[in-house]
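Just below is one structure, and these are the notes that go with it.
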Amino acid sequence: MITSLCSLILLLGSNADLSALSPEEPAVASIAFWNLENLFDYEDDPENPGDDEFLPDKEWDQNRYGRKLAHLARAIDSLDTNLLAVCEVENQRVLEDLIAESVLVSDGWSIAHIDSPDHRGIDLALLYRAPFQLANAATLHPIDMGEGNIATRGVLEVPLQVSGKPLTVLVNHWPSRYGGAEKSAPKRAAAALTARGVIDGHLALDPLADILVVGDLNDDPWDASVLSVLKAVRERRSVEHPLNLSPTRNGSFSPRLWNPSWSFASGSDTGTYYYWSGWTWNCFDQIIVSPGMLDSKGITLVRDSVEIHHPDFMTDSVLNASRPARFRKFRGNWEEGYSDHFPVKAKIQIEISTDPESDRK
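For the sequence shown, the working numbering gives the first residue as 2, with consecutive numbering after it.
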């Protein structure tokens with residue numbers, strides 16, 4: 002897959018103009034996901050008991066909130082992305098405050114957000130700018146956690162359009178490992194099943210639909226929720242194989258997805274999230290694509306472009322320079338970094354067409 006230099010320079014700027022490219026010249030845009038680690042405002046919401054730890058009487062005031070926003074904005078600016086899915090945000094207001102930061106305000110960001118029923122009061126959202134446009138209203142798909150379990154985030158489905166071509170983005174933040182990874186595994190399996198149901202609905206209509214699955218899955222790529230329930234696999238060739246797009250003998254159709262996040266999950270000294278209690282790395286934050294994003298038509302994931310974004314300024318220079326610099330109170334002292342997760346990012350190639358009718362086919 003060859004990407005022209007002029008496309009990269011044009012598209013990775015703050016405002017991409019696809020009309021400037023010829024039909025033979027594919028464009029490149031950047032996508033990313035980031036867990037923003039408890040982005041709460043400093044005002045009490047009586048309907049959200051989850052914000053009680055983020056109020057002025059807990060040392061979370063307007064000044065500290067402002068510094069958190071400024072730090073996040075600096076990191077987002079360094080991502081240089083056109084599409085940013087996020088989680089752990091309290092409400093629409095914090096997203097509006099974030100994109101109003103001085104380094105982001107001129108970038109033309111828009112927000113897709115729906116309040117979730119999560120017991121902690123944290124939501125999912127998608128920030129997008131040119132060349133992406135919202136095609137239809139976003140949908141929050143609830144997760145059936147079973148009787149007796151507390152409510153969690155749903156799966157946020159955002160239908161986008163770019164150069165007349167549809168792209169469906171599913172933003173995820175699966176239930177945590179609280180209580181132990183094994184004991185809590187069924188909760189993440191339920192979240193994976195919800196996401197898989199949305200995906201299968203699209204693929205039943207178009208087996209080569211372009212679907213982007215991103216999120217903090219609270220499981221690694223090799224865990225059952227990702228590998229067996231979501232069916233996101235390591236081997237790209239098995240996803241590209243024609244048999245993957247064929248119904249099974251019983252008539253069911255649920256093709257495997259490709260999970261390129263394995264590329265940064267192979268070592269014990271790297272990851273997107275560092276678990277301080279266990280002194281271990283995890284690769285919870287992942288980018289996964291449907292088979293349609295592996296062909297050369299429509300929207301395509303650029304080969305070898307998926308990576309962890311961890312510039313030096315986002316790492317913990319005091320305790321360990323390779324770990325995320327968190328923004329939280331720890332052992333009585335405030336650590337004013339960025340987040341306890343690193344973002345993940347990738348590039349996608351967009352086929353340009355000047356024929357409006359061909360974009361509908």
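C-beta: ideal position from N, C-alpha, C; glycine also. This one's a predicted model, so the numbers in the text were calculated from it and none came from an experiment.
- Item | Close Cβ partners of Val240 (< 8 Å) along its chain, the five nearest in sequence each way excluded | Val234, Pro256, Arg257, Leu258, Trp259, Pro292, Leu295
- Query: Name the DSSP bridge partner or partners of Ile200?
  - Reply: DSSP output for Ile200 lists no bridge partner at all.
- Beta-bridge pairing of His142 - partner residues as DSSP gives them: Val156
- Query: What are the start and end residues of each continuous alpha helix (DSSP H) run of 4 or more residues lying completely inside the segment 267-297, in chain order?
  - Reply: none
- Query: Buried or exposed: Arg130, going by 16 or more other Cβ atoms within 10 Å of its Cβ?
  - Reply: buried
- C-beta contact flag for Val1 and Asp220 at 8 Å: The first residue shown for the chain is 2 and the last is 362, placing residue 1 beyond what the model contains.
- Coarse secondary structure for Arg327, derived from DSSP in three states: Arg327: coil per DSSP, three-state reduction.
- Query: Which first and last residues belong to the beta strand (DSSP E) in which Gly216 is found?
  - Reply: 212-217
- Ignore the nearest five residues each way along the sequence and tell me which others in Thr140's own chain have a CB closer than 7 Å to its CB. Glu158, listed in sequence order.
- Query: Residues bridged to Thr169 by DSSP?
  - Reply: Pro160, Ile212
- Query: Rounded to a whole number of angstroms, what is the C-alpha to C-alpha distance between Leu84 and Asp45?
  - Reply: 30 Å
- Message: Rounded to the nearest angstrom, what separates Leu105 and Ala71 at their Cα positions?
- Response: Each residue's Cα considered, the two are about 10 Å apart.
- Message: Determine whether the beta carbon atoms of Thr153 and Asp207 lie at a separation below 8 Å.
- Response: Result no, Cβ atoms of Thr153 and Asp207 do not sit closer than 8 Å.
- Item | Rounded C-alpha distance that separates Val29 from Asp211 | 15 Å
- Query: Under a Cβ-count criterion, where at least 16 other Cβ atoms within 10 Å of its own Cβ denotes burial, should Pro47 be classed as buried or exposed?
  - Reply: exposed
- Query: What's the call for Lys346, buried or exposed, on a 16-neighbour Cβ count within 10 Å?
  - Reply: Residue environment: Lys346 is assigned as buried (16 or more neighbouring CB atoms within 10 Å of its CB, all protein chains considered).
- Query: Is DSSP giving Phe111 helix, strand or coil here?
  - Reply: According to the sequence displayed, residue 111 carries Ser and not Phe. Ser111: strand per DSSP, three-state reduction.
- Query: Is the number of C-beta pairs between the segment 187-194 and the segment 274-284 that are closer than 8 Å three or more?
  - Reply: no
- Query: What is the DSSP secondary structure of Tyr129, counted as helix, strand or coil?
  - Reply: Looking at Tyr129 - three-state DSSP - the assignment turns out to be strand.
- Message: Could you check whether the segment 155-173 touches the segment 296-315, counting it as contact only if at least three pairs of C-beta atoms, one from each stretch, sit closer than 8 Å?
- Response: Short answer: they touch.
- Query: Can you tell me where the alpha helix (DSSP H) with Lys69 in it begins and where it stops?
  - Reply: 63-80
- Do the segment 78-92 and the segment 322-334 touch if we need at least three Cβ pairs shorter than 8 Å? Here the segment 78-92 makes no contact with the segment 322-334; the two share fewer than three CB pairs at distances below 8 Å.
- Query: Which class does Asn39 belong to by DSSP, given the choice of helix, strand or coil?
  - Reply: Residue state, collapsed to three classes: strand.
- When DSSP labels each residue in this structure, what does Leu428 get in the three-state scheme? Since the displayed the chain opens at 2 and closes at 362, residue 428 lies outside it and no answer follows.
- Item | Span separating the alpha-carbon of Lys184 from that of Phe133 | 40 Å
- Message: So the candidates are Cys284, Ala266, Leu171; which of them puts its Cα closest to the Cα of Val290?
- Response: Taking only the C-alpha atoms, the option nearest Val290 is Leu171.
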